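Shown next, in structure tokens, is the structure this report addresses.
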Amino acid sequence: MTVSRTQLESPYMEWAKLHSAAPVNLATSAVAAFPLAELPLKMEDLALNVHGSYGYPPLQERLAQYAGVDPECVVAAPGTSMANYLAMAATFEPGDDVLFERPTYEPMLSTARFLGAEIHRFERRAEEGFRVDPEEIRRRITPRTRLIVLANLHNPTSALTSEDDLRAIGEIARQVGARVLVDEVYLEGLYARRPPVACRLGPEFITTSSLTKAFGLGGLRCGWILAEPSLARRIWRIRDLHDVNSAHPAERISVVVFDHLDRLASRAQSLLEANRPLVHRFLDEHPEMATLRPEFGTVLALRAPGGDADAFCTHLRERYETSVVPGRFFDMPDSFRLGIGDDTAALREGLARLAAAVRDFSNRDA
Ligand SMILES: Cc1ncc(COP(=O)(O)O)c(C=O)c1O
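Numbering (the numbering used here), first residue to last: -14 to 351.
What follows is the structure in structure tokens.
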């Protein structure tokens, strides 16, 4: 069979790697990087090689315990990005229907296209707080739908999907034999208030996640997939085609991280608790820009003045050396994404520059 790779790139990833850096960077979606030196880690804790198996057992155990699932449901993966790729590769064939939220995080959509999905969309509407409406999914699903994809928390709005809505979506998926992939990388940012992983709601659910966003550990690439055991085994076999093992020093560090996760969580929480009031004050002063006012998460979507986010983002960067993510990467060309997890001083400076940019961008033709 010949498979045509219709989309071979991710416009967002290219932008993030080549164009997002700026003296004031509000484009990042993670909390500020956790300093490795603060981990009680010695050189002797690291090792280069481990006898091959499906996952490093001490890490498998910690991931399973953290997620509240059996270790045989856990597939380790290099970040949520690769976790999403593997989960998709395991759940549909080229030409199958895949039902995607809109707005969405572009690399997930591009991954599905790359794997040959026939993409269908369901809407998350601003006037409904970007909620996932199960009835909308019921209207859009087809007998050929093999996978429904959403992010919880939503990227870019941080909308939370309730367990009731997830259960209703699972029920709809089950009727056509589809699975539900829930990217929970931002859900980790609820810390102690994190609801049960979607994978625990039924065998049709797959959870993907990582330590990237909520703990500031993107460089560790500690990601995972949670799925019912037979699907998890299938995903491990697909991973065999891509990389033999995870980098073992990173697995060792990940184990130490899980053993001290409370410390990382409280550091990240304090940062977000200091930052959120600054963002809320900005929204109070710019109510016309607010879409959702999330109580958790590390990002939010703001409406751009004038409704052309590309033009506003260019102005913000050129005049104020400040970057945010243009909404076109999330199907929201009138908005942009603001990251709120950086150091408080950097966020305060960034919001001041944003306010100034809004002022003179709005007055530019006056
Ligand atoms: C919804 C979503 N999934 C996955 C990722 C990538 O996460 P990771 O660094 O764990 O690969 C991102 C990063 O922006 C994201 O927004």
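Just so you know, even glycine gets a beta-carbon here, dropped at the ideal spot from N, CA and C. For clarity, every value in this text was computed on a predicted model and none was experimentally measured.
Contact set for residue i: own chain, Cβ-Cβ below 7 Å, skip 5 residues either direction
i: A18; result: G201
i: Y(-3); result: E91, P92 and F314
i: E306; result: A7, P8 and V9
i: H206; result: According to the sequence as given, residue 206 is Arg; it is not His. Within the same chain, R206 has close Cβ partners P63, G64 and A235.
i: P56; result: Q45, E46 and A49
i: I220; result: V60, L71, A72, A75, I210 and A212
i: E280; result: none
i: D30; result: R237 and V241
Buried versus exposed call for residue i [16 or more other C-beta atoms within 10 Å across all chains shown]
i: T(-13); result: Confidence at T(-13) is low in this model, with a pLDDT of 49, below 50, so its placement is unreliable and no value can be given for it.
i: T146; result: buried
i: V343; result: buried
i: M317; result: buried
i: V60; result: buried
i: L33; result: exposed
i: H300; result: buried
i: Q82; result: The amino acid occupying residue 82 in the given sequence is Asp; Gln does not appear at that position. Buried is the call here.
i: I191; result: buried
i: R178; result: exposed
i: S347; result: exposed
i: L3; result: exposed
i: M67; result: buried
i: G155; result: buried
i: S255; result: exposed
i: L21; result: exposed
i: T130; result: buried
i: P272; result: exposed
i: R224; result: buried
i: G80; result: exposed
i: R349; result: exposed
i: T127; result: exposed
i: A42; result: The sequence shown places Pro at residue 42, not Ala. By the neighbour-count rule (16 or more Cβ atoms within 10 Å), P42 is not buried but exposed.
i: P88; result: buried
i: G292; result: exposed
i: G208; result: buried
i: R302; result: buried
i: S195; result: buried
CB contact below 8 Å: residue i versus chain D
i: T65; result: Among the protein chains of the structure shown there is no chain D, as only one such chain exists.
Spatial neighbours of residue i in its chain, beta-carbon cut-off 8 Å, leaving aside the 5 residues before and after
i: T283; result: S14, A15, V16, S143, Y171, G174, K198, A199, L257, G324, I325 and G326
i: V54; result: V182, C184, R185 and L211
i: L24; result: I238, V241, V242 and H245
i: H380; result: Residue coverage of the chain in this structure runs from -14 to 351, which leaves residue 380 outside it and unanswerable.
i: R123; result: I157
i: A153; result: P119
i: T276; result: A111, F115, T142, L285, A286, L287, R288 and S320
i: E368; result: Residue 368 falls outside the range modelled here, since the chain spans only -14 to 351, and no answer is possible.
i: E121; result: F107 and E108
Contacting residues, own chain, Cβ-Cβ under 6 Å from residue i (five flanking each side not counted)
i: N260; result: I325, T329 and L332
i: A341; result: none
i: A158; result: I133, V165 and E189
i: F267; result: L336
i: L11; result: V309, L323, G324 and G335
i: A52; result: V182 and L211
i: P311; result: A294, D295, C298 and F321
i: H105; result: D82, L84 and R125
Heavy atom of ligand 2 within 7 Å of residue i beta-carbon
i: P63; result: This structure lacks ligand 2; its bound ligands are ligand 1.
Legend entry - Distance cut 6 Å, beta-carbon to ligand 1 heavy atom: residue list by chain order: S14, G64, T65, S66, Y90, A136, N140, D168, V170, S195, T197, G203 and G208
Legend entry - Minimum length 4: unbroken alpha helix (DSSP H) runs contained in the segment 32 to 75: 42 to 52
Legend entry - Touch test, the segment 93 to 112 against the segment 36 to 48, Cβ-Cβ under 8 Å, three pairs minimum: no
Inset, instruction - Specify whether the segment 216 to 228 and the segment 75 to 82 touch according to this definition: at least 3 beta carbon pairs, one from each stretch, less than 8 Å apart. - result: yes
Inset, instruction - Give a yes or no on contact between the segment 133 to 148 and the segment 231 to 249, applying the rule of three or more CB pairs nearer than 8 Å. - result: no
Inset, instruction - Taking 8 Å as the threshold, find out whether the segment 154 to 166 comes into contact with the segment 178 to 198 through three or more Cβ pairs. - result: yes
Inset, instruction - With a floor of 4 residues, list each alpha helix (DSSP H) that falls wholly inside the segment 95 to 125, ordered by position along the chain. - result: 119 to 125
Inset, instruction - Would you mind listing the alpha helix (DSSP H) stretches within the segment 226 to 312 that are 4+ residues and don't spill past its ends, in chain order? - result: 233 to 244, 246 to 270 and 294 to 305
Inset, instruction - Please list the segments of the alpha helix (DSSP H) lying wholly inside the segment 194 to 221, counting only runs of 4 or more residues, in order along the chain. - result: 197 to 200
Inset, instruction - Pair every Cβ in the segment 27 to 42 with every Cβ in the segment 219 to 231, then say whether three or more of these pairs are closer than 8 Å. - result: yes
Legend entry - Secondary structure, alpha helix (DSSP H): runs of 4+ residues fully inside the segment 122 to 177: 148 to 161
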